[in-house]
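Note that the sequence shown covers residues 1 to 746 in UniProt numbering.
Okay, so here's the structure we're looking at.
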Amino acid sequence: MISLSSLSIDQTPPRDGATPPPAGALSLNPFSRDRTIFDSGAGFGRASAAVPVAGTGTPGAVVEARALSLDDGGAATTAWTEVATIDGAGAWRSSLAVPRSSSWFRPEARLKDLPGIAAQGAARFGVGHVVAIWGQSEPDRILSTFHDNTPPPPVADPEAVQIFQGAAGSPTRQFISNAQPLTAAAAALAATLIAARPGEKFAVIFQTVPGTDPRDLVDDTNPARSWAADRTLHAFATADGQHVGLAAMSWFAAPGNLGANYSEALFPLFSGQKTDGTAVSFPATITYGSGQSYRADHWFGELYDYAHTRWVGYGPHRFDIDADMRDATHYAGGGDQFNLANKEAARRSWRAMLALPGATMFLPGGIEPVTYVNGYADGAGGWTDPSHPAGNTPDGCQAWARLTAHAILQAAGLSGWTAPVFDHCLWEPTGAWVELWSSAGPVTTTRLKRGDPALGTGQPHWTEVMGFQINGLPAVKASIVAGRVRILPNAGSFSYADTVQYGNGGATGMIAFPEDQIAGTWKNLPIVYVGAAGLDGVPVRPLADAAVVANTLPVVAPRFTTSATGPYFLDPVNLPAGTGALTFAGRFRVAALPATTAILFTQVSTGFDVELMNTGALRFTIEDGAGTKMLNAHVVATALAANVWYDVVCAADQVAAVLRVTVNGVLVATVPFTASGNGVFQSTRALGFLARNTATLQFVGDVEYLRAWRSATETGAAPATTPYKQILGPASVANADGWKLGANAT
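Laid out in structure tokens, this is it:
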């Protein structure tokens with residue numbers, strides 16, 4: 001409660017001729033609750049809050065105000081400051097600059113000319129950090145009592161962290177303490193904030209509703225999530241005029257299907273503009289991709305004043321596999337794992353969004369939380385609920401909560417360490433190995449840091465440090481050497497054409513389901529120990545900058561030579577159903593043109609055959625999914641000659657009904673299909689190189705590389721994405737390839 005107006009009147013009769021002492025009145029409006037927290041502006045490099053104060057009093061009187069510090073003997077009490085002149089209606093309103101402090105305060109006001117007339121607020125307030133966390137079930141699990149099956153960690157300060165929740169119900173507030181931890185994960189969040197910023201105060205607003213998408217949130221016709229309910233929670237948490245200083249989001253489960261369109265689709269909700277800077281007027285229809293759209297009746301600017309609020313753009317969390325994989329984005333049989341491919345694309349799109357000129361409301365991207373446990377053993381040798389942080393181990397929800405806390409603190413400049421990224425790379429000149437490391441500190445793993453037993457040899461990809469791919473396939477020889485990740489070739493030596501990357505797909509390094517979950521392979525992801533409270537280390541951010549990991553080996557390409565008996569290469573699985581485009585690429589040289597023709601590329605049995613003719617021309621046969629010939633023995637007069645190296649790219653698009661042929665970087669032919677097809681290739685036939693599946697029309701010559709993509713560009717150029725298949729020299733590597741058939745290359 002508030003100490004109401006004080007009225008001071010001298011009852012002593014005035015002396016003859018003397019003017020009676022003036023009378024005055026002053027009151028101070030109460031805060032809505034005790035221990036309200038105001039944000040100190042850490043996201044802007046500030047350390048104080050403008051605390052609203054208001055009340056009534058004698059019109060025309062000047063009001064002074066201050067914040068009385070209660071817990072430090074008054075050390076943090078602010079000076080009396082003139083804040084307002086009471087208006088003719090007897091009201092006044094202003095704000096008071098109060099520093100970030102470990103102490104609670106009470107507001108005080110007095111009349112400048114009659115300092116004895118004063119008022120003091122009964123409700124305390126603090127100046128610290130007001131944080132909103134947005135998302136769906138992943139952050140909501142931090143508050144889930146149903147999934148809370150671990151003992152909570154101790155919370156050192158029972159008044160430091162208060163949590164607001166109720167985005168799908170009635171808003172509530174709770175202080176997190178040993179006596180009332182709410183959940184173990186909530187206690188872990190609080191303990192982390194307290195350890196990282198001792199003495200500081202946090203109000204954390206959970207704008208989280210399971211199973212929802214940002215597109216649900218802003219569409220008033222969509223019952224999946226109510227903007228009005230989130231706005232009610234926001235209003236409840238900021239009822240005394242607070243600003244949310246930091247709004248944090250790692251929302252990629254439901255909207256992850258946006259993939260590469262993530263930025264285009266969602267940037268308007270943050271900025272009120274399209275990615276090209278064009279203003280959006282709400283309500284609006286947001287368009288993205290190839291004609292997709294959604295209704296947006298609202299945007300975040302309705303809740304947040306970007307003069308006071310910054311977004312913490314911490315990137316996607318981990319997304320676990322749910323079946324055996326060939327690599328980070330393909331199932332074991334070779335089919336696309338679209339969910340994980342989309343998550344990788346969304347991660348790239350999100351980062352591109354943060355770099356847009358209009359993204360001034362975002363803090364720089366920091367850590368991305370991937371080192372925690374999703375799901376739990378189902379008791380029958382399997383793994384269940386792999387989409388959510390586990391509630392039965394401190395390495396699940398608790399670790400996720402700690403990573404969330406550190407992502408927010410680090411982005412806001414409240415941590416004394418740098419978010420680890422792979423910002424250094426060395427390709428050993430002989431091709432023996434590649435090393436990646438971080439300027440944030442020596443790289444290790446959770447398993448090594450804890451001294452846990454090694455994984456063993458149960459799976460080829462169970463290396464000392466995991467999550468790395470070589471040419472799109474899992475690295476099987478990766479270790480920590482003197483604080484760096486050292487990756488050896490899967491076979492032979494590295495060449496100039498090789499690529500290495502970390503954190504593709506769902507950024508877990510998982511391949512075997514459920515063996516990887518059961519073995520705890522998350523402990524083998526790279527981390528850097530930076531002293532972050534409650535963590536063995538901070539995960540190194542997935543998907544290093546391409547310029548950092550760029551191959552620096554000299555372009556002296558290893559090659560292999562084929563004979564009349566092989567080798568040729570055939571995919572052990574057929575093309576997935578629904579494939580509408582294919583691109584083949586290779587670099588070839590022949591000592592003599594073939595006697596008749598030789599296969600360069602094939603989808604077996606003339607599904608998509610590219611033959612080198614004895615004239616140096618290329619001959620094409622392409623069929624659709626029903627076996628109808630789109631092109632039948634069509635000849636492109638390329639005039640290829642013996643003893644010359646050629647880079648050949650052949651791209652066929654069933655939807656666009658066109659073939660494009662590029663030789664040495666020049667588009668030499670654009671050939672429309674001569675028949676109408678069903679828009680796809682046959683799913684009963686496999687891809688191959690250098691001969692038909694019956695070992696006929698064998699190519700004889702030298703080869704540097706062979707590549708295939710299950711897509712095509714509009715220009716006919718090779719796609720910039722990782723090939724579905726790549727075969728490289730030298731002969732030892734080509735001969736060890738899983739597609740290889742026939743005699744060995746030399």
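C-beta atoms are modelled at their ideal positions from N, C-alpha and C, and glycine is treated no differently.
No experiment lies behind these values; they were computed from the predicted model shown.
With 16 other Cβ atoms within 10 Å as the buried cut-off, status of residue i
i: Leu258; result: buried
i: Gly627; result: exposed
i: Val590; result: buried
i: Leu426; result: exposed
i: Thr463; result: buried
i: Ser683; result: exposed
i: Glu82; result: exposed
i: residue 760; result: The chain is shown from 1 up to 746; residue 760 falls before or after that span and cannot be answered.
i: Val635; result: exposed
i: residue 762; result: This structure cannot settle anything about residue 762, because the visible part of the chain is limited to 1 through 746.
i: Pro542; result: buried
i: Thr694; result: exposed
i: Arg450; result: exposed
i: Glu302; result: exposed
Residues near residue i by beta carbon distance below 7 Å, same chain, minus five either side
i: Ile408; result: Val131, Leu246, Ala248 and Val312
Beta carbon of residue i nearer than 8 Å to that of residue j
i: Gly566; j: Leu741; result: yes
i: Thr615; j: Ala633; result: no
i: Arg110; j: Glu64; result: yes
i: Ile205; j: Phe146; result: no
i: Gly716; j: Gly580; result: no
i: Arg318; j: Pro255; result: no
i: Phe673; j: Phe601; result: no
i: Ile727; j: Ala734; result: yes
i: Val655; j: Pro526; result: no
i: Phe588; j: Ala708; result: no
i: Leu394; j: Asn374; result: One point to set straight first is that residue 394 is Pro, not Leu, in the sequence displayed. Contact: no.
i: Thr561; j: Thr746; result: yes
i: Gly416; j: Tyr529; result: no
i: Pro151; j: Ala191; result: no
i: Val604; j: Arg692; result: yes
i: Phe681; j: Gly607; result: yes
i: Gly677; j: Ala652; result: no
i: Leu96; j: Leu143; result: no
Best match in the options for proximity to residue i [C-alpha to C-alpha]
i: Asp327; options: His317, Gly315, Pro316 and Leu340; result: Leu340
i: Leu42; options: Phe699, Ala412 and Met510; result: Correcting the residue identity first, residue 42 is Ala in this sequence and not Leu. If we check each option's Cα against that of Ala42, Ala412 comes out closest.
i: Phe282; options: Tyr294, Ser290, Gly289 and Asp276; result: Tyr294
i: Thr552; options: His424, Arg619, Ala591 and Phe673; result: His424
i: Ala547; options: Thr145, Thr499 and Val373; result: Thr499
i: Ser290; options: Ala265, Tyr304 and Ala279; result: Ala265
i: Glu714; options: Pro730, Ala695, Thr722 and Thr662; result: Thr662
i: Phe267; options: Thr638, Tyr502 and Thr360; result: Thr360
i: Met49; options: Ala188, Phe38 and Ala432; result: This sequence places Ala at residue 49; Met is not what is there. Considering only alpha carbons, the answer is Phe38.
i: Val573; options: Asp240, Gly335, Pro394 and Ile321; result: Gly335
i: residue 767; options: Pro429, Asp148, Asp320 and Met353; result: Only positions 1 to 746 of the chain appear in this structure, which leaves residue 767 out of reach.
i: Val481; options: Thr445, Pro453, Ser32 and Asp140; result: Thr445
i: Ala380; options: Pro514, Pro554 and Val485; result: Pro514
i: Leu473; options: Leu687, Thr722 and Arg100; result: Thr722
i: Gly272; options: Asp297, Arg197, Gly382 and Gln410; result: Asp297
i: Asp545; options: Ala497, Leu436 and Asn222; result: Leu436
i: Leu114; options: Gly60, Asp72 and Ser95; result: Gly60
i: Ala195; options: Ala168, Gly534, Arg685 and Ile599; result: Gly534
i: residue 764; options: Arg559, Val465, Ala617 and Thr404; result: What the structure shows of the chain is the stretch from 1 to 746, and residue 764 is not part of that stretch, so it cannot be assessed.
Rounded distance between the beta-carbons of residue j and residue i, thought under 8 Å
i: Gly509; j: Glu344; result: Incorrect: roughly 13 Å between the Cβ atoms, too far for contact.
i: Val244; j: Thr172; result: Not quite, the Cβ-Cβ distance comes to about 18 Å (not below 8 Å), so this is no contact.
i: Ala642; j: Leu593; result: 6 Å
i: Val540; j: Val434; result: Incorrect: roughly 15 Å between the Cβ atoms, too far for contact.
6 Å Cβ shell around residue i - same chain, five flanking residues per side excluded
i: Ala54; result: Asn29 and Arg93
i: Phe252; result: Pro316 and Ala346
i: Ala532; result: His406 and Val538
i: Asn744; result: Asn735
i: Ser711; result: Ala581 and Pro719
i: Gly503; result: Gly467, Pro542 and Leu543
i: Ala491; result: Val733 and Ala736
i: Leu706; result: Gly586, Phe689 and Ile727
Check: residue i C-beta below 7 Å from any heavy atom of the ligand FAD
i: Val131; result: As presented, the structure is devoid of all ligands, the ligand FAD included, so that no description of it is given.
Beta-carbon contacts of residue i that lie in its chain and below 8 Å, excluding the five residues immediately before and after
i: residue 762; result: A question about residue 762 goes unanswered here, because the residues of the chain that appear run from 1 up to 746.
i: Asn392; result: Asn149, Thr150 and Tyr376
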